[in-house]
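To start, the structure itself, in structure tokens.
Number of protein chains: 2
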Amino acid sequence: MHSDLDLERVRSAAQRIAPHVLRTPVLRHAPSAATQLLLKAESLQPTGSFKLRGASNRVLTLPPGVAGVVAHSSGNHGQALARAAKLLGIPAVVVMPADAPALKRSRAQADGAEVVVVGSDSQQRERVAAEIAAERGLFPVPPFDDLEVAAGQGTAALELLEESGPLDRFYAPVSGGGLMAGCCVVLRELSPSCEIVGVEPEDANDTQLSLAAGERRTVPPPRSIADGLRVRTPGRLTWPVLKQHLSRVELVSDAELEAAVLFALRELRLVLEPSGAASLAVALREGRGRCGVLLSGGNIEPALLARIVAAGPR
Amino acid sequence: MHSDLDLERVRSAAQRIAPHVLRTPVLRHAPSAATQLLLKAESLQPTGSFKLRGASNRVLTLPPGVAGVVAHSSGNHGQALARAAKLLGIPAVVVMPADAPALKRSRAQADGAEVVVVGSDSQQRERVAAEIAAERGLFPVPPFDDLEVAAGQGTAALELLEESGPLDRFYAPVSGGGLMAGCCVVLRELSPSCEIVGVEPEDANDTQLSLAAGERRTVPPPRSIADGLRVRTPGRLTWPVLKQHLSRVELVSDAELEAAVLFALRELRLVLEPSGAASLAVALREGRGRCGVLLSGGNIEPALLARIVAAGPR
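Line by line, the protein sequences give chains A and B. Residue 64 in numbering that gives the first Met the number 0 sits at position 65 of the first sequence; the count goes up by one each step and never skips. Residue 145 in numbering that gives the first Met the number 0 sits at position 146 of the second sequence; the count goes up by one each step and never skips.
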């Protein structure tokens, strides 16, 4: 399947989803004379993350005869799928853990999705989602391990390069790898000499370990505050793409993530969630030259935002 | 001079400043089925406000032989002029009050401006700025009462309409009136039936009083938290434009401004300053139909942001 994720697939996705997603702005910040950061603010998408790109592309490429879509997600993927299904007028079911914030549940419901609450065990949620898919003829939309989902996410890099031109370096977070895989195939074609840097939390470094081992590795359940990056192993379909194209993976601590969230509030006037600020944290630490930085999402818990803002210097 | 501020002048400004400003995104939010808010996020401009548009246009239309620019401003205009002068490679002097936040001073200096600190009396600052202009051959750039400045600000409405099409209603803050005057001449030509609603703080309602009186009125020094909207009387050049085109002015309280700042953080993932959230506050209160909403800036004091976030529901 690997060779199927390519620039043409991403270009097709871009054309397909254009009416449904925001062409997010590329903000510029020069931390030094030698460095220009070109920041793609995906936090400004409706539902607050790049996930709307992949979800929309998947909903727009469903096989005929499908009655709707289903996903298990407590986070940005579930929100995005609910919105994409609403935009296209098809039913959606989102399976969420019992401990998911009430706000996320009510937002998915406000977009017309049916929310099914199932314990806090992710395997149980996966099973329930599969059962619902089978019983009701719904299409299960995975958060990353799907070529159309990954191609949709890659449209963010396509838009970035259209505005930035060739880059020296590109930073994006890596969780299951859908976003990064989609971006990799775009960057390798349109900015071939660009160094592609994946960013993971210190305790969710499955892709870094996998690259070192040459095969997929799994880490214990991460506790990083970057709740969107706690996937424990690279995706089956995304891994070969990452293995081929990723230059390296850099790790970030919780303290660096919080500092990057605060930096974004003050200097960029953007609300980012910790996962969404991971690439920024590394770009601020080491970036040189023309650096593309994918700011992936802005759905931060209000209590965490309050803590970060209160702790920052006045 | 009134007839000189027209759509053609704004179109010329748009072409002139395009390489130097951000084409800010138009975010969409539907608070009800009957209402679509189309939110022009000028808070994302470099230096954090629409002011870069007018400052850039003024710097790009200086008379020949000018050695540089000077402004008296403790706020967004000074930051914008410093950046515009840097972008165009000319010297800038910004006269600031002694009580201006250190951050604003250091930002103007980081953009290469010379900062002159003069007491906290605004008339004294004005006099010092005029003296510096005369002595050094610098061009004094006023914050609003200048046709090229106002034309530059109007480019925000031009971009908004290019994406939104005709609007039922348009909301923007009114301080000296440069932004609103520039927007008015665009809206009247390109969306003629659009209701144009100015927004002022309750105690900075000089434009509302002036409209009622049919001539310029002055209010006592306002104390609103919207520090960008504390101008006490409409501009000499902007007033005739506002008088001709403004449909009405609505007022906002400090509590409404704080609620709108919190709403923007949570629902739009944008950091807005109180002045920048004024139009949003009124649009959320009364908006119906297709409403353009100009979010003018995002330079909120860190301590105020912390207070608003801490007070909000978790």
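C-beta: ideal position from N, C-alpha, C; glycine also.
Strictly below 9 angstroms CB to CB, what residues from chain B border residue 270/A? The residue you call residue 270/A lines up with position 271 of the first sequence. Under the 9 angstroms cutoff, chain B gives 263, 264, 265, 267, 268, 269 and 270.
Option in 42/B, 239/B and 94/B with minimal Cα separation from residue 118/B: Counting from 1 along the second sequence, the entry for residue 118/B is found at position 119. Per the Cα distances, 94/B.
Limits of the beta strand (DSSP E) - the one that residue 249/A falls within: For the purposes of this step, residue 249/A is identified with residue 250 of the first sequence, where counting begins at 1. Its beta strand (DSSP E) spans residues 247-251.
Which word fits residue 98/A, buried or exposed, when buried means at least 16 other C-beta atoms lie within 10 angstroms of its C-beta? By one-based count along the first sequence, residue 98/A stands at place 99. Exposed: under 16 other Cβ atoms inside 10 Å.
Cβ-Cβ distance between residue 181/B and residue 9/B below 9 angstroms: Residue numbering aside, residue 181/B sits at position 182 when the second sequence is read from its first letter. Residue numbering aside, residue 9/B sits at position 10 when the second sequence is read from its first letter. Cβ distance < 9 angstroms, so residue 181/B and residue 9/B count as in contact.
Assign residue 23/A to one of two classes, buried (16 or more other C-beta atoms within 10 Å of its C-beta) or exposed (fewer than that). As a working note, residue 23/A is residue 24 in the first sequence. Flag for residue 23/A reads buried.
Selected residue, minimal CA-CA separation from residue 42/B, among 287/B, 311/B and 273/B: One-based indexing of the second sequence puts residue 42/B at position 43. Minimum Cα distance to residue 42/B is reached at 273/B.
Count the other CB atoms within 10 Å of the CB of residue 278/B; is the residue buried (16 or more) or exposed (fewer)? The residue you call residue 278/B lines up with position 279 of the second sequence. With 16 or more Cβ atoms within 10 Å of its Cβ, residue 278/B is classed as buried.
Is the beta carbon of residue 72/A less than 9 angstroms from the beta carbon of residue 142/A? Stepping through the first sequence from its first residue, residue 72/A is reached at position 73. Stepping through the first sequence from its first residue, residue 142/A is reached at position 143. Taking the C-beta atoms as reference points, residue 142/A is found nearer than 9 angstroms to residue 72/A.
Rounding to the nearest angstrom, what Cα-Cα distance links residue 166/A and residue 135/B in this structure? One-based indexing of the first sequence puts residue 166/A at position 167. One-based indexing of the second sequence puts residue 135/B at position 136. When rounded, the distance between both Cα atoms is 42 angstroms.
Just to make sure I have the definition right: I need the residues of chain B whose C-beta is within less than 8 angstroms of the C-beta of residue 42/A. Which are they? The sequence position of residue 42/A within the first sequence is 43, counting from 1. Correct list: 268.
Through-space distance from residue 137/B to residue 66/B, alpha-carbon basis: Counting from one through the second sequence, the residue named residue 66/B turns up at place 67. Counting from one through the second sequence, the residue named residue 137/B turns up at place 138. For residue 66/B and residue 137/B, the gap between their C-alpha atoms comes out near 5 angstroms.
Scan the region 159-210 of chain B and note each continuous alpha helix (DSSP H) run of 4 residues or more that stays entirely inside, going in chain order. Listed in chain order, they are 177-189.
Going along chain A in order, which residues have a C-beta closer than 9 angstroms to the C-beta of residue 21/B? Along the second sequence, one-based indexing puts residue 21/B at 22. Residues of chain A with a Cβ closer than 9 angstroms to the Cβ of residue 21/B are, in chain order, 24, 25, 26 and 27.
Considering only the alpha carbon of each residue, which of 187/A, 225/A and 248/A lies closest to residue 206/A? The residue you call residue 206/A lines up with position 207 of the first sequence. The shortest Cα separation from residue 206/A among 187/A, 225/A and 248/A belongs to 248/A.
Can you pull the chain B residues whose beta carbon is under 7 angstroms from the beta carbon of residue 305/A, in chain order? The count along the first sequence starts at 1 and reaches residue 305/A at position 306. Simply 308 and 309.
For residue 292/B, which of 52/B, 11/B, 109/B and 171/B has the nearest alpha-carbon? As a position in the second sequence, residue 292/B is number 293, starting the count at 1. Nearest option by C-alpha distance: 171/B.
Hey, out of 11/B, 303/B and 299/B, whose CA is closest to residue 153/B's CA? What you label residue 153/B is simply residue 154 of the second sequence in a count that begins at 1. Here the closest residue by C-alpha is 11/B.
Skipping 5 residues on each side, what residues in its chain have a beta carbon closer than 6 angstroms to that of residue 259/B? One-based indexing of the second sequence puts residue 259/B at position 260. Contacts found: 276, 279 and 280.
In whole angstroms, what separates the C-alpha of residue 46/B from that of residue 64/A? Residue numbering aside, residue 46/B sits at position 47 when the second sequence is read from its first letter. Residue numbering aside, residue 64/A sits at position 65 when the first sequence is read from its first letter. Approximately 51 angstroms between the Cα atoms of the pair.
Tell me whether the beta-carbon of residue 289/A lies closer than 9 angstroms to the beta-carbon of residue 37/A. For the purposes of this step, residue 289/A is identified with residue 290 of the first sequence, where counting begins at 1. For the purposes of this step, residue 37/A is identified with residue 38 of the first sequence, where counting begins at 1. Cβ atoms of residue 289/A and residue 37/A: closer than 9 angstroms.
Strictly below 7 angstroms CB to CB, what residues from chain A border residue 297/B? Position 298 of the second sequence, counting from 1, holds the residue named residue 297/B. Within chain A, the residues near residue 297/B are 268.
Tell me, to the nearest whole angstrom, how far the beta carbon of residue 252/B is from that of residue 285/B; I am working on the premise that it is less than 8 angstroms. Position 253 of the second sequence holds residue 252/B. Position 286 of the second sequence holds residue 285/B. Not quite, the Cβ-Cβ distance comes to about 14 angstroms (not below 8 angstroms), so this is no contact.
For residue 157/A versus residue 178/A, is the C-beta distance shorter than 9 angstroms? Within the first sequence, numbered from 1, the residue matching residue 157/A stands at position 158. Within the first sequence, numbered from 1, the residue matching residue 178/A stands at position 179. Taking a C-beta distance under 9 angstroms as the contact criterion, residue 157/A and residue 178/A do not qualify as a contact pair.
What is the DSSP secondary structure of residue 44/A, reduced to helix, strand or coil? The residue given as residue 44/A occupies position 45 in the first sequence. Coil at residue 44/A, not helix or strand.
Applying the criterion that 16 or more other CB atoms from any shown protein chain within 10 Å of the CB defines a buried residue, is residue 52/B buried or exposed? Residue 52/B sits at position 53 when you count from the first residue of the second sequence. It is buried - the Cβ of residue 52/B has at least 16 other Cβ atoms within 10 Å.
CB residue 84/A to CB residue 110/A, shorter than 9 angstroms? Within the first sequence, residue 84/A is the residue found at index 85, counting from 1. Within the first sequence, residue 110/A is the residue found at index 111, counting from 1. Against a cut-off of 9 angstroms, the Cβ pair of residue 110/A and residue 84/A comes out as a contact.
Delimiting residues of the alpha helix (DSSP H) encompassing residue 9/B: Start at 1 with the first residue of the second sequence, and residue 9/B comes out as number 10. 6-16 is the extent of the alpha helix (DSSP H) around residue 9/B.
Between residue 59/B and residue 87/B, is the Cβ-Cβ spacing less than 9 angstroms? As a first step, residue 59/B is located in the second sequence; it is residue number 60 there, counting from the start. As a first step, residue 87/B is located in the second sequence; it is residue number 88 there, counting from the start. Against a cut-off of 9 angstroms, the Cβ pair of residue 87/B and residue 59/B comes out as a contact.
Is the Cβ of residue 14/A closer than 9 angstroms to any Cβ of chain B? Taking the first residue of the first sequence as position 1, residue 14/A is located at position 15. The beta carbon of residue 14/A sits no closer than 9 angstroms to any beta carbon of chain B.
Where does residue 68/B fall in DSSP's three states? Here residue 68/B refers to the residue found at position 69 when the second sequence is read from its first residue. Three-state DSSP puts residue 68/B in a strand.
Mind checking residue 226/A: buried by the 16 CB within 10 Å criterion, or exposed? As a position in the first sequence, residue 226/A is number 227, starting the count at 1. It is buried - the Cβ of residue 226/A has at least 16 other Cβ atoms within 10 Å.
Have a look at 33/B, 195/B and 218/B and flag the residue whose alpha-carbon is nearest the alpha-carbon of residue 204/B. Mapped onto the second sequence, residue 204/B falls at position 205. Selected option, being the one with the closest Cα: 218/B.
Find the nearest neighbour of residue 192/B within the set 246/B, 81/B, 303/B and 312/B, judged by alpha-carbon distance. Counting from one through the second sequence, the residue named residue 192/B turns up at place 193. Considering only alpha carbons, the answer is 246/B.
If distances are taken between C-alpha atoms only, which option among 302/B, 309/B and 76/B comes closest to residue 304/A? Sequence index remark: in the first sequence, residue 304/A carries index 305 (1-based). Residue 304/A has its Cα closest to that of 309/B, out of 302/B, 309/B and 76/B.
Kindly say whether residue 45/B, judged by its beta-carbon, lies nearer than 9 angstroms to any beta-carbon of chain A. Residue mapping note: residue 45/B aligns to position 46 of the second sequence, counting from 1. By the rule that beta-carbons nearer than 9 angstroms mark a contact, residue 45/B touches chain A.
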